[in-house]
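Some notes on the structure that comes next.
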Amino acid sequence: MREIRYVDALNKAIREEMIRDGNIFLIGEDIGPLGGTFGVYKDLFREFGEKRVRQTPISESAIIGTAVGAAMTGLRPIAEIMYIDFITTAMDQVINQAAKLSFMSGGNVQMPLVIRTQQGPGTREAAQHSQNLEAWFVHTPGLKVVMPSSPYDAKGLLKSSIRDNSPVIFIEHRLLYFKKGSVPEGEWLVPLGEAEVKKEGNDITVVATSLMVHQALEAAEILSKEISVEVIDPRTLVPLDIEKVIASVKKTGRILILHEAPVRGGIGAEFVRQVTEKAFDYLDSPPRVLGGLNTPIPFSPPLENACVPQVEDIVGMVKEIVKEK
Amino acid sequence: MREIRYVDALNKAIREEMIRDGNIFLIGEDIGPLGGTFGVYKDLFREFGEKRVRQTPISESAIIGTAVGAAMTGLRPIAEIMYIDFITTAMDQVINQAAKLSFMSGGNVQMPLVIRTQQGPGTREAAQHSQNLEAWFVHTPGLKVVMPSSPYDAKGLLKSSIRDNSPVIFIEHRLLYFKKGSVPEGEWLVPLGEAEVKKEGNDITVVATSLMVHQALEAAEILSKEISVEVIDPRTLVPLDIEKVIASVKKTGRILILHEAPVRGGIGAEFVRQVTEKAFDYLDSPPRVLGGLNTPIPFSPPLENACVPQVEDIVGMVKEIVKEK
Amino acid sequence: MDINRERLIGMLKTMYKIRLFEERAKKLYKAGMMAGNFLGALHSYIGQEAIAVGACSCLKKDDYVVSTHRGHGHAIAKGGDIKRILAELQGKETGYSRGRGGSMHLFDLKIGLLGGNGIVGAGLPIAIGAAFSSQYKKTSQVTVCFFGDGAATQGTFHESLNIASLWKLPVVFICENNLYAVTTPASETIATPNVGERASAYGIPGKVIDGNDVLLVSATVEEAVKRTRTGKGPTLIECRTYRWDPHCFVITETRPKEEIEEWKAKDPIPRFERKLVEEKIINQEEIERMKSEVIKEMDAAEKFAQESPLPSVETFKEEVCAK
Amino acid sequence: MDINRERLIGMLKTMYKIRLFEERAKKLYKAGMMAGNFLGALHSYIGQEAIAVGACSCLKKDDYVVSTHRGHGHAIAKGGDIKRILAELQGKETGYSRGRGGSMHLFDLKIGLLGGNGIVGAGLPIAIGAAFSSQYKKTSQVTVCFFGDGAATQGTFHESLNIASLWKLPVVFICENNLYAVTTPASETIATPNVGERASAYGIPGKVIDGNDVLLVSATVEEAVKRTRTGKGPTLIECRTYRWDPHCFVITETRPKEEIEEWKAKDPIPRFERKLVEEKIINQEEIERMKSEVIKEMDAAEKFAQESPLPSVETFKEEVCAK
Ligand SMILES: Cc1ncc(C[n+]2csc(CCOP(=O)(O)OP(=O)(O)O)c2C)c(N)n1
Ligand SMILES: Cc1ncc(C[n+]2csc(CCOP(=O)(O)OP(=O)(O)O)c2C)c(N)n1
Ligand SMILES: [Mg+2]
Ligand SMILES: [Mg+2]
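Chains as they are written, first to last, in the numbering used here: chain U, 33 to 357; chain B, 33 to 357; chain L, 382 to 704; chain X, 382 to 704.
Set out below in structure tokens:
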């Protein structure tokens with residue numbers, strides 16, 4: 033199978049869907065001739081023109097608001113927020129409008145809207161360009177939350193998100209854009225709400241999304257002689273395929289959840305809640321979360337690195353958990 | 033001791049602090065002659081004038097931004113957001129500015145800022161006026177999060193918050209404003225980061241904040257003949273006095289966390305994470321969370337009531353947990 | 382008057398409908414018969430009827446209206462069914478939003494009603510989106526976006542007017558300046574004497590008009606609608622007006638009594654009625670007949686709402702769990 | 382010229398300082414010696430020097446400056462120490478923000494530098510707050526708030542200018558219109574030809590000036606500062622200018638070559654220099670001496686930054702855990 037980059041997989045997904053459905057349009061900053069800051073929209077402006085690739089002023093509330101109004105009246109917008117950190121300037125439109133209006137109208141209006149954004153530390157851009165905010169959206173009823181880790185998932189999940197009739201927040205990772213992976217030709221989808229076992233194992237379940245899947249797989253590889261690690265990527269946090277996670281924990285008896293966001297109040301805690309509720313008797317040791325330190329992300333490289341789980345931290349933590357009891 | 037209402041306790045705290053420190057000022061909507069929508073600022077405009085009680089246009093970003101700029105330059109603002117739902121229009125200033133600038137400046141600036149707001153369903157105002165959003169702020173490094181349940185705590189915690197040099201989000205509950213409780217005269221504080229056992233018990237630990245403390249106590253009362261419930265109010269979610277919770281769980285072996293916000297990704301999960309990590313071997317049954325349904329809050333009273341834990345739900349859940357194993 | 386007789390009479394009737402609806406709603410609210418009356422998210426439109434009616438009289442059925450927290454008048458003027466509005470206010474399953482939304486959230490896509498909003502200023506970007514849709518699909522639909530003086534100081538006002546102008550979107554912005562946001566006077570919140578004149582900052586036409594003159598409102602909006610239907614972009618119209626009731630029914634009245642009385646004397650309904658009588662478009666008898674028709678409609682709506690079932694908690698829970 | 386000689390020479394020197402600093406920073410960046418050069422949060426101020434220098438030449442040490450993501454020029458013009466700026470860009474403990482903030486977040490309360498910002502438009506409300514502080518404490522401090530053409534379309538622009546006007550806050554808004562926000566031309570983002578003329582929407586004076594003329598900038602800002610120091614409220618000044626480099630060093634250049642060349646020909650430094658030479662305020666020899674002083678300072682800064690330690694991870698972790 034051919035190998036393409038995550039960024040190109042996203043580009044293909046959007047292009048294919050735009051060809052399929054004339055009601056899809058793109059809205060966001062610098063998405064015209066530049067093709068978006070990271071190139072996800074490369075050449076789409078040339079192909080589809082400014083009608084369907086709508087470059088905006090720096091007005092995030094209006095970007096999401098325009099998408100909301102357009103979605104309510106029959107279009108299928110894909111709105112880009114350049115960095116997830118900037119979504120803070122549009123939260124009302126995301127949370128009170130996009131997520132709620134279909135419900136509040138008693139189903140009178142629909143909201144087929146995708147908000148594409150990217151997040152994560154690791155690029156020395158400091159605290160206002162490095163947050164991982166998925167937990168906020170997981171806690172917001174009415175939104176679906178998607179976090180692809182591979183080019184294959186990126187393409188298949190983005191197509192599913194675009195076809196979904198609910199608002200979806202589609203969160204990419206800056207450090208994944210240029211990673212390659214195999215992506216078959218032709219028409220296929222990855223459904224929302226289906227976790228994938230990225231690597232089978234028997235001693236411990238490691239749950240990770242986005243960039244952390246790669247760190248988890250690296251750690252699993254390093255540990256492979258001593259510990260058999262199962263790596264599960266939920267791929268979508270809402271809807272969540274908790275069954276696959278539970279099944280894995282029932283097999284391994286141990287679970288570690290990884291994320292870059294601060295541990296406190298992060299999605300790891302939500303996994304712990306569900307796992308302890310549903311598989312308490314299968315647990316050989318307490319479920320653990322390895323995530324970010326409880327601090328804004330610092331600029332300086334060694335400090336930044338210290339703030340988010342590194343492969344060696346994961347290796348260490350897995351060993352610690354497996355040794356317990 | 034004299035009994036006063038929660039709203040009046042807040043009023044007294046602010047008034048006393050404003051007399052003590054001339055750098056404290058109030059900023060927000062309708063806080064002038066009206067004294068705030070719920071009367072927290074009653075008579076303060078008359079006493080302190082428009083210099084220190086600054087009524088604004090409906091511009092939440094500017095309200096918080098003004099407070100941020102003022103705090104950085106030596107004042108001690110108390111900014112009001114009328115309903116927590118409206119903070120979505122000011123999230124950048126709360127999250128990227130107030131919470132981070134002291135850190136990002138390497139300590140060069142301080143941020144002694146209190147954001148006062150109120151939240152909760154129960155008043156038939158629908159989904160854009162009924163959210164409980166504490167989980168977002170707990171997940172934001174750099175903020176302190178306070179949620180008083182009684183007039184005593186309201187007064188003591190607000191005074192501590194005002195004197196703190198970090199940004200504090202102080203979350204009140206609309207349904208508590210007119211509840212009375214005893215509040216001693218004179219000068220005293222309730223420190224941030226100190227949980228309180230609101231009722232002692234041996235069979236199960238119930239953790240609750242804000243309005244839910246009252247529901248928990250009512251449930252405990254109903255159950256008192258059969259089950260001995262310990263009710264703990266952390267009072268501040270950040271900093272969190274997890275030790276007191278752990279100590280209680282070590283005694284009871286069981287824990288239920290209550291909140292009105294949706295269970296998914298709520299603060300209950302964070303308690304479960306910490307408790308399983310720190311007291312796994314003491315748990316006789318899986319920690320449980322009883323919280324809101326996973327939906328925007330509906331307007332219609334029976335639907336709204338069904339969305340958040342009612343006393344009878346708590347009673348039922350406690351029985352269920354204690355029966356387990 | 383270059384508007385036809387039927388339309389004029391329709392306008393008067395709609396003004397009565399709004400007035401009497403709001404009076405009925407207030408009565409029911411005060412009798413404890415509204416779902417929302419614990420804290421009173423009930424915002425009366427009385428006094429401002431000329432604006433909704435004047436503006437909506439220029440619109441076709443499939444044109445869009447973006448409304449506010451004070452939205453009953455907009456819904457009725459756009460052709461909303463008062464039975465379903467009242468049912469919604471009582472949290473009934475037969476309400477426009479099946480009891481999920483309540484007073485501030487009336488939606489009916491069939492008549493282009495895109496909802497009120499509980500967040501001040503949130504409607505403006507949504508209106509841009511609806512207008513963008515029509516432009517994209519090359520329909521000739523127009524979007525009318527209502528908002529208050531209070532909303533004019535939200536950042537969304539700026540972002541939306543700027544984009545609407547840049548993209549020449551088919552939208553008409555109508556600022557209902559009733560001089561107050563809750564208890565805060567517009568003079569304390571808007572740095573210029575008028576909102577309408579801010580239009581120049583976006584390179585679009587701006588008007589400041591008497592919002593209690595329904596004919597002036599309709600003529601002004603008519604022109605703006607024509608302009609924007611033919612691709613010439615948005616207009617900002619500020620209508621000066623006044624609400625008779627307090628912000629909502631739990632907020633203490635803080636406005637001077639004399640001011641309220643002064644404005645009550647400028648009641649837009651008798652003013653329009655007198656004009657129609659003078660011009661012999663309607664006579665007293667017809668007016669009485671019209672009023673009693675409206676009252677009958679109101680009685681029927683009350684009965685309908687009253688007899689309608691509350692939503693089923695079981696069904697609701699199933700719906701939520703299915704998600 | 383009614384500015385004294387010393388100040389004029391100081392201005393020229395500061396312009397050189399900024400220019401040479403940015404060139405040095407770029408060189409180090411391209412050599413992989415900056416902390417932030419993975420994705421390049423390094424925004425060059427070259428071409429815009431006249432604005433920071435002209436504006437800050439009107440300020441006292443305790444006046445406040447609110448800066449942006451493109452903030453090195455503001456920091457230097459306000460009297461920032463280039464050693465500590467460069468150290469910050471390299472993520473060193475000796476940097477202004479102890480390596481916590483980086484290029485976009487330079488703070489020094491001692492010289493009134495209230496930080497850059499990574500969020501476009503976020504500085505405006507913060508500037509309002511600083512100005513409010515001075516008004517509250519009855520100091521005569523003024524706040525200068527820099528922002529780009531891109532920031533002028535954020536909602537915060539509207540909210541802040543409105544409040545500044547209402548409250549007559551001691552603030553001067555300086556929009557550095559360099560014609561682009563990243564790759565998006567200002568003509569596609571601002572519905573009117575100028576940002577400056579939007580001032581009328583807030584009832585404050587507005588100016589649109591050549592931002593490459595340091596004397597014009599300083600004269601215009603001087604007037605605004607005087608006005609606002611005496612309680613007459615804010616002014617909005619739009620300075621038309623151009624940045625020579627791409628938005629930052631990882632964004633592809635999309636602007637027409639000819640346009641870039643055209644603007645390079647309008648370089649504010651030789652323009653000012655010529656004027657000073659003509660007016661015999663400085664001669665060529667003094668200029669050369671000045672430049673070599675600046676280069677020496679730059680070398681010292683580079684050495685200082687290079688030799689400074691990175692922050693200690695252990696100490697940092699302890700700090701975090703203590704919270
Ligand atoms: C973002 C936001 N801030 C505050 C409120 C609370 N609030 C509800 S209505 C209102 C006043 C609105 O004034 P205006 O826009 O003039 O409309 P009016 O009520 O006068 O019709 C306020 C402050 C809100 N709903 N949303
Ligand atoms: C709220 C927000 N949206 C988008 C960005 C990404 N971004 C960084 S700088 C910039 C352009 C800013 O343009 P302008 O204000 O004109 O300043 P300039 O870069 O031209 O100096 C953008 C879009 C951001 N940092 N913050
Ligand atoms: Mg008003
Ligand atoms: Mg620019």
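For glycine and all other residues, C-beta sits at the position ideal for the given N, C-alpha and C.
Selection from the options that minimises the alpha carbon distance to residue i
{"i": "S332(U)", "options": "F685(X), K588(X) and P690(X)", "result": "P690(X)"}
{"i": "E157(U)", "options": "I329(U), V222(U) and I346(U)", "result": "I329(U)"}
{"i": "V222(U)", "options": "S193(U), I274(U) and V347(U)", "result": "S193(U)"}
{"i": "E640(X)", "options": "P627(X), P651(X) and V631(X)", "result": "P627(X)"}
{"i": "V270(B)", "options": "E92(B), R47(B) and F202(B)", "result": "F202(B)"}
{"i": "V261(U)", "options": "P334(U), G188(U), V350(U) and D75(U)", "result": "V350(U)"}
{"i": "K698(L)", "options": "N326(B), V343(B) and E344(B)", "result": "N326(B)"}
{"i": "F210(U)", "options": "V229(U), S181(U) and N197(U)", "result": "S181(U)"}
{"i": "I399(X)", "options": "P506(X), I457(X), K491(X) and L547(X)", "result": "I457(X)"}
Residue i vs residue j beta-carbon contact at 9 Å
{"i": "L42(B)", "j": "E204(B)", "result": "yes"}
{"i": "I500(X)", "j": "Q160(U)", "result": "yes"}
{"i": "E61(B)", "j": "I95(B)", "result": "yes"}
{"i": "A545(X)", "j": "I571(X)", "result": "no"}
{"i": "I466(L)", "j": "H450(L)", "result": "no"}
{"i": "G483(X)", "j": "L495(X)", "result": "no"}
{"i": "V238(B)", "j": "A251(B)", "result": "yes"}
{"i": "P153(U)", "j": "M244(U)", "result": "no"}
CB contact below 9 Å: residue i versus chain L
{"i": "P266(U)", "result": "no"}
{"i": "D117(B)", "result": "yes"}
{"i": "F202(B)", "result": "no"}
{"i": "E660(X)", "result": "no"}
Chain-ordered chain B contacts of residue i [CB-CB under 8 Å]
{"i": "V563(L)", "result": "E61, D62, L66 and T69"}
{"i": "Q687(L)", "result": "Within chain B, no residue comes near Q687(L); the closest Cβ sits about 15 Å away, beyond 8 Å."}
{"i": "H450(X)", "result": "Near H450(X) there are no residues of chain B at all, since even the closest Cβ is about 12 Å away, more than 8 Å."}
Chain U contact for residue i (CB, 9 Å cutoff)
{"i": "Q342(B)", "result": "no"}
{"i": "P506(L)", "result": "yes"}
{"i": "I500(L)", "result": "yes"}
Short CB-CB distance (under 9 Å) between residue i and chain X
{"i": "E43(U)", "result": "According to the sequence provided, residue 43(U) is Asn. The question's Glu does not apply to it. False, the Cβ-Cβ gap to chain X never drops below 9 Å."}
{"i": "Q306(U)", "result": "no"}
{"i": "R608(L)", "result": "no"}
Proximity test, Cβ basis, 9 Å: residue i and chain B
{"i": "K411(L)", "result": "no"}
{"i": "T633(L)", "result": "yes"}
{"i": "H291(U)", "result": "no"}
Under 7 Å by beta carbon: chain U residues contacting residue i
{"i": "I127(B)", "result": "T120"}
Under 7 Å from the C-beta of residue i: neighbouring residues of chain L
{"i": "Y583(X)", "result": "A572 and T573"}
Under 9 Å from the C-beta of residue i: neighbouring residues of chain X
{"i": "S546(L)", "result": "A572 and T573"}
Listed by chain order, chain L residues near residue i by CB distance under 9 Å
{"i": "Q535(X)", "result": "G536, H539 and E540"}
8 Å Cβ cut-off: residues of chain L touching residue i
{"i": "F135(U)", "result": "R481"}
Beta-carbon neighbours of residue i, restricted to chain X and to distances below 7 Å
{"i": "D124(B)", "result": "I500 and A503"}
request  = Could you please go through the chain and list the residues whose beta-carbon is closer than 6 Å to any non-hydrogen atom of ligand 4?
outcome  = Chain-ordered list of matching residues: G529(X), D530(X), G531(X), N559(X), Y561(X) and A562(X).
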